[in-house]
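Residue numbers (my numbering), protein chains in the order written: chain A, 302 to 696; chain B, 14 to 263; chain C, 695 to 982.
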């Protein structure tokens with residue numbers, strides 16, 4: 302009996318041992334099933350069709366062209382290679398402009414026929430119509446826009462997830478936004494972080510070190526919303542005033558907040574690396590008449606270069622994945638950033654800001670999961686490379 | 014004139030007294046060996062000559078240590094310059110993770126020498142001085158870690174020679190090496206003593222007997238006896254020394 | 695001599711810059727803390743901690759958020775502590791050393807590197823939608839529990855690793871089984887260090903916002919939750935709401951400072967508690 306219980310407990314321990322592996326597999330599974338569904342969705346809003354008059358020469362239109370038509374930026378068919386005719390837009394709720402309510406029937410049962418009639422009568426019309434009103438005897442031309450493609454997402458320059466008739470899920474602006482904010486954050490944090498690591502590992506005496514170390518560790522425990530709050534109240538106005546900007550919520554503001562947040566990681570990891578530099582090497586350098594600084598600069602830092610690199614990469618990883626603080630201070634504009642002083646938006650902030658409004662299982666929802674996959678992959682690559690480097694160093 | 018003069022030196026790690034009232038003189042171009050059982054203070058003592066003990070927190074020294082007639086512990090002493098004059102070779106070979114060439118040239122770089130031709134010549138001279146040149150002259154760019162333990166130690170000697178010290182401190186330089194490498198290092202010490210004053214710590218008594226002119230015996234932080242090597246090993250005056258060299262303890 | 699002078703000057707300059715940068719960081723960080731403490735301390739009162747928000751969150755206290763965070767801490771701990779500790783025990787005591795352990799450790803490290811918003815997505819897909827828990831304390835706790843697993847596993851493993859094998863051998867020599875040895879010798883000895891890790895993981899859980907955005911957190915709830923399938927408010931999310939949205943940002947500011955101060959205090963208390971526990975047990979071991 303005792304043996305039996307022992308076996309059971311041992312089994313439970315073994316299963317628990319694999320819990321992290323199972324979780325990672327589940328994460329991958331769920332993110333991918335939700336995210337990959339995006340590519341089987343039509344470009345045009347789900348359940349709708351773009352229709353033209355049969356006499357219209359145009360047989361294909363790009364997503365951008367359709368968007369511009371419905372935004373009144375393209376107003377004549379000759380701009381997209383057709384006849385010189387003004388474009389007439391037709392949405393379902395425009396139907397009352399053409400027909401009286403009694404013509405549509407009490408249960409709106411005549412709507413499909415009337416739409417068909419309308420489209421066939423107007424040569425210059427373009428319609429955006431729910432599929433349920435398009436019957437087999439439809440007299441217009443249905444444009445096949447196809448499904449959302451890989452290149453629409455990964456090379457798309459616009460992220461407009463809730464537009465009609467066509468949403469855009471180009472992730473370039475989000476990726477550039479994420480990279481801008483993270484890289485600038487590391488550029489700001491690096492000199493401070495390495496300096497503090499040098500100070501703690503090489504210069505400070507025991508007493509100062511014993512005070513500073515716990516303070517720095519404490520800071521890594523402060524929640525990111527608190528950093529975001531501090532950023533919102535102190536750094537946003539600061540950036541706005543210094544650079545004379547219309548708004549203080551910019552990429553730079555996010556970078557500064559992220560830099561503060563990444564400091565504990567950078568300091569701790571670099572300091573550990575510097576402490577690992579053997580005493581014998583420092584002594585050899587000092588015995589040759591090298592000053593303390595020369596020893597730090599020419600022996601300790603080169604020796605701990607890979608550790609410092611790990612610190613940088615880990616810092617970038619943390620910055621790339623940080624959500625709340627960035628969401629609160631970067632202004633969240635989904636335009637490809639050309640400078641760090643503009644409002645911009647990162648991948649995690651986009652997910653956090655939009656998932657609440659995206660209907661479950663819809664295109665937008667799936668697109669946000671795709672962003673999750675990208676974020677997951679970026680951080681996994683970063684982690685693995687750090688692990689690879691540190692494993693190599695141990696040999 | 015004596016190269017090194019030590020007068021009434023006490024040395025403390027915190028409250029622990031590691032060296033007790035030590036006085037001795039070392040003549041120029043002589044090899045002096047420090048022997049004694051582990052923990053007797055001999056390694057602490059040798060690190061006094063280039064103030065290497067400064068690196069250990071909460072240590073202090075009283076008494077005077079003169080090198081070339083100047084007290085190296087007086088206020089305002091430039092420790093970097095002192096260490097340039099007093100080279101040191103450590104117990105275990107500790108080359109830098111750099112090329113062979115850069116290891117030897119390091120001391121020149123940190124002392125502000127930029128003349129490439131001079132550095133090249135000095136590296137060659139030092140490697141020859143350390144009897145390593147013939148073995149490495151074709152692979153100076155290789156990492157120092159590619160060398161064998163004995164070669165690494167000779168590289169560390171070459172590194173110490175490159176900055177033209179006048180004193181060489183050696184803290185058990187052969188203890189981590191095989192017998193053949195040890196023999197090579199000992200041969201080298203014979204050569205070096207023509208140009209340098211050498212202080213060597215060893216716990217290998219045969220080695221002390223073979224290479225040194227004078228020997229000092231340390232026990233529990235005190236210098237028990239200091240005399241010509243021949244006398245120490247054939248006719249010591251103290252019983253404690255006698256016991257140690259005849260192998261009764263230690 | 696000129697050369698050594700230059701060397702000294704360079705060193706002085708370099709040390710000066712390095713120390714200055716370090717103290718600048720410390721200064722910024724202290725300023726940040728002082729800023730929030732000074733502005734928040736006036737808001738904190740018993741009433742603030744014990745009443746619900748009123749007047750469209752421009753008045754009243756933060757009690758529902760405190761209670762909600764408490765529920766989430768307990769819920770995530772109930773999930774993560776047992777599984778995490780068992781996982782740590784398996785890794786250090788049972789798993790064959792070598793590739794397998796390395797693989798598990800890699801997976802654990804990778805899990806800890808995943809951004810918290812991705813946990814939020816995962817929790818929403820699995821717990822909220824697939825398993826049908828809806829936005830609830832249950833879904834939020836499980837998501838946060840998964841997030842804190844790596845910390846629990848790692849501290850358990852480290853704590854067990856620090857126990858010398860001689861103790862295990864001593865126990866085996868008396869005829870104890872492996873499980874008895876773990877239960878009676880190894881685990882009790884490792885307990886102080888494990889506890890420290892658990893407390894630190896609580897600190898982490900209490901401050902996370904992104905994972906609960908879509909799995910649990912409620913913008914405003916007038917009453918306290920009465921089942922694990924209810925939504926709840928939580929301190930970090932409440933701070934986010936107070937800082938960025940709501941009916942009147944200006945009137946919400948003081949409450950936001952107070953909430954931020956409560957969050958920082960939790961982190962402080964957690965860290966101090968962890969240090970005290972470590973010290974207390976370290977002394978106890980020395981005395982024996």
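Glycine included, each C-beta is placed from N, C-alpha and C at the ideal position.
query                                                                                                                              : result
Residue 83 (chain B) in three-state terms, based on DSSP                                                                           : strand
Under 9 Å from the C-beta of residue 874 (chain C): neighbouring residues of chain B                                               : Those do not exist, as residue 874 (chain C) stays about 43 Å from chain B at its closest Cβ, beyond 9 Å.
Residue 765 (chain C) in three-state terms, based on DSSP                                                                          : helix
Alpha-carbon to alpha-carbon, residue 20 (chain B) and residue 85 (chain B)                                                        : 12 Å
Bridge partners - residue 73 (chain B), DSSP secondary structure assignment                                                        : B:25
Minimum Cβ-Cβ distance from residue 742 (chain C) to chain A less than 8 Å                                                         : no
Nonlocal neighbours in the same chain, by C-beta distance under 6 Å from residue 614 (chain A), ignoring five residues either side : 683 and 687
Segment limits, beta strand (DSSP E) that includes residue 229 (chain B)                                                           : 227 to 232
Reduced DSSP category for residue 169 (chain B) - H, G, I as helix; E, B as strand; rest coil                                      : helix
Residues of the segment 643 to 673 of chain A with Cβ closer than 7 Å to any Cβ of chain C, in chain order                         : 649, 652, 653, 656, 657, 661, 670 and 673
CB contact check: residue 263 (chain B) to chain A, cutoff 8 Å                                                                     : Residue placement at residue 263 (chain B) is flagged as unreliable, the pLDDT there being 46, under the threshold of 50; the coordinate-derived value follows with that caveat. Closer than 8 Å: no.
Residue 942 (chain C) burial status per 10 Å Cβ neighbour count (16 or more: buried)                                               : exposed
Residue from A:609, A:660, A:504 and A:637 with nearest C-alpha to residue 716 (chain C)                                           : A:504
Through-space distance from residue 803 (chain C) to residue 892 (chain C), alpha-carbon basis                                     : 17 Å
As assigned by DSSP and simplified to three states, the class of residue 263 (chain B)                                             : At residue 263 (chain B), the pLDDT of 46 sits below 50, so the modelled position is not reliable; the number obtained from the coordinates is stated separately. In this structure, residue 263 (chain B) counts as coil in the three-state DSSP scheme.
Coil, strand or helix - residue 982 (chain C) by DSSP                                                                              : For residue 982 (chain C), the predicted model reports a pLDDT of 44, less than 50, meaning its position is unreliable and no value from the coordinates is stated.
Segment contact, 8 Å Cβ cut-off, at least three pairs: the segment 93 to 103 of chain B with the segment 172 to 189 of chain B     : yes
Contact between the segment 77 to 84 of chain B and the segment 49 to 59 of chain B (3+ Cβ pairs under 8 Å)                        : no
Assigned exposure category for residue 14 (chain B) - 16 Cβ within 10 Å defines buried                                             : exposed
Closer than 9 Å at the beta carbon, the chain B residues around residue 582 (chain A)                                              : 107, 108, 109 and 110
contact_flag[the segment 595 to 608 of chain A, the segment 471 to 487 of chain A] where n(CB pairs < 8 Å) is 3 or more            : no
8 Å Cβ cutoff, residue 533 (chain A) in contact with chain C                                                                       : yes
Whether residue 362 (chain A) touches residue 381 (chain A) by CB criterion (8 Å)                                                  : yes
Listed by chain order, chain C residues near residue 91 (chain B) by CB distance under 7 Å                                         : 698
Residue 192 (chain B) CB to nearest heavy atom of the ligand COA below 7 Å                                                         : Within the structure as shown, the ligand COA is missing, as the structure has no ligands at all.
Run of the alpha helix (DSSP H) containing residue 922 (chain C), from where it starts to where it stops                           : Per DSSP, residue 922 (chain C) belongs to no alpha helix (DSSP H) and is neither H nor E.
Residues from the segment 810 to 829 of chain C in contact with chain A, defined by Cβ distance under 9 Å                          : 810, 811, 812, 813, 814, 815, 816, 818, 819, 820, 822, 823 and 824
The segment 849 to 865 of chain C / the segment 873 to 886 of chain C touching (three or more Cβ pairs under 8 Å)                  : yes
Any C-beta of chain A under 8 Å from that of residue 982 (chain C)                                                                 : Because residue 982 (chain C) sits at a pLDDT of 44, beneath the cut-off of 50, its placement in the model cannot be relied upon, and the following sentence gives the value as read from the coordinates. Not an interface residue.
Any C-beta of chain A under 8 Å from that of residue 769 (chain C)                                                                 : no
Cβ pair residue 458 (chain A), residue 637 (chain A) closer than 8 Å                                                               : yes
Exposed unless 16 or more other CB atoms sit within 10 angstroms - verdict on residue 779 (chain C)                                : buried
CA-to-CA distance, residue 809 (chain C) to residue 668 (chain A), given in whole angstroms                                        : 18 Å
Residue 837 (chain C) versus residue 650 (chain A): straight-line alpha-carbon distance, rounded                                   : 19 Å
Residue 96 (chain B) at chain A interface by Cβ criterion, 8 Å                                                                     : yes
C-alpha gap between residue 737 (chain C) and residue 581 (chain A), whole angstroms                                               : 55 Å
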